[in-house]
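For any residue, its number in my numbering is found by taking its place in the sequence shown, counting from 1, and adding 11. Step one of this worksheet: look at the structure below.
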Amino acid sequence: MDRKEGKANPDFIQVLMRSGSADKWTGTPKPKEQPKHPRIALGDWMTDAQQGGGPLLARVIANRVWRFHFGRGIVATPNDLGTQGTPPTHPELLEHLAANLVSGGWKLKPLHREIMLSAAYMQTGVTNEANQKLDPENQLLWHRPASRLEAEAIRDALLLVGGKLDPVMHGPSITDVASPRRSVYLRVKRSELVPFLTMFDAPEPTQSIGDRGSTTVPTQALAVMNSPFVRDMATRFASRVKAATAEETIARAFQLAFCRSPSAAETGRLTEYLNAQRQLGAKSPETELCLALLSLNEFIYVD
């Protein structure tokens, strides 16, 4: 307590600055004016693409958005774009995306749109032996591997098909996983993690995670099949798609869950499944059908 030498003044990372003084962002207040808040000054410095940290920030954001869509960033180490990280596989592409992000006013939607309309994003997941031998790590983006939704998106997707998702933005955080609020509003408390989210690799809140893992373990399938939350969503899902005929029920369910129509083979198999559930005395065969659809990989993977 006795070794303090006074209040530390805000400053910035010198190696990222083209100007030698922090006054450009902190400002010099006029008499009787309050000085600029340090957090506002930090934001101004971070987004200054001419003299501040903007160039690096733009590359980091563009790399993370790319990683979100492709499962791996242009720089494979999203938390380290420096000399200790891996070099970019497509440096010109990273520069192009970062420049467009800055020129577009740091808006993310145009960046998502540009990536999702690209030929690379529209590649199929089909592989072949010749390409696999030439580029086993897919650095040339000759196919787009399937990627699983993040834990929060899986929960939101379940709420959506159940007709329970609350689209209202802003407001206080919530603690109940069964709440209709979007997962972004779930309260993060280190001592009370949400088991359903951690099961699908939601990161520990005690440290910065630039690249989430994506594990596949039996407990995930068991949780989906037996979770009261998932079964409640399946029941609500069934009430939305139930129709006069099995074929129409199946068609509605596929459109809502997968945004496509079922094939003739899928309709036949699922009709048999509905009939089997009725013979077994299921209280709601349609709920069992919807639970089976929610348990499929197609529901939680982008392919």
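Where a beta carbon is used, it is the ideal one built from N, C-alpha and C, also for glycine.
_To the nearest angstrom, how far is the alpha carbon of E16 from that of E203?_
Cα to Cα, the separation comes out at about 39 Å.
*asked:* I'd like to know if the region 239-252 and the region 296-310 are in contact, where contact means that at least 3 CB-CB pairs between them fall below 8 Å.
replied: With the cut-off at 8 Å, the region 239-252 and the region 296-310 touch.
*Measure the beta-carbon distance from W36 to D55 and round it to whole angstroms, keeping in mind my assumption that it falls under 8 Å.*
Sure, about 5 Å apart at Cβ, within 8 Å.
*asked:* Considering Cα atoms alone, identify which of Q150, I126, Q62 and V113 is closest to T97.
replied: Among Q150, I126, Q62 and V113, the Cα nearest to that of T97 is on Q150.
*Is it buried or exposed for D177, if we count other Cβ within 10 angstroms and need 16 for buried?*
exposed
*Express the C-alpha separation of G38 and E44 in angstroms, rounding to a whole number.*
In this structure, the alpha-carbon of E44 lies about 11 Å from that of G38.
*Measure the beta-carbon distance from L92 to V113 and round it to whole angstroms, keeping in mind my assumption that it falls under 8 Å.*
About 16 Å; that fails the 8 Å criterion.
*Could you tell me which residues DSSP puts in a beta bridge with I185?*
According to DSSP, which records beta bridges pairwise, I185 is partnered with L197.
*asked:* Tell me the DSSP secondary structure of R50 in three-state form.
replied: helix
*For the putative contact between A69 and A109, defined by C-beta atoms under 8 Å, what is the C-beta separation to the nearest angstrom?*
Correct: roughly 4 Å between the Cβ atoms.
*Which same chain residues, not among the five before or five after A257, have their C-beta less than 6 Å away from its C-beta?*
Excluding residues within five positions, the ones whose Cβ falls inside 6 Å are T282 and L285.
_Using the Cβ count rule (16 or more neighbours within 10 Å means buried), how would you classify A255?_
exposed
*Hey, E99 and V86: beta-carbon distance below 8 Å or not?*
Reading the sequence as shown, one finds Pro at residue 99 and not Glu. Yes.
*Which value, in whole angstroms, describes the spacing of the CA atoms of F79 and L128?*
15 Å
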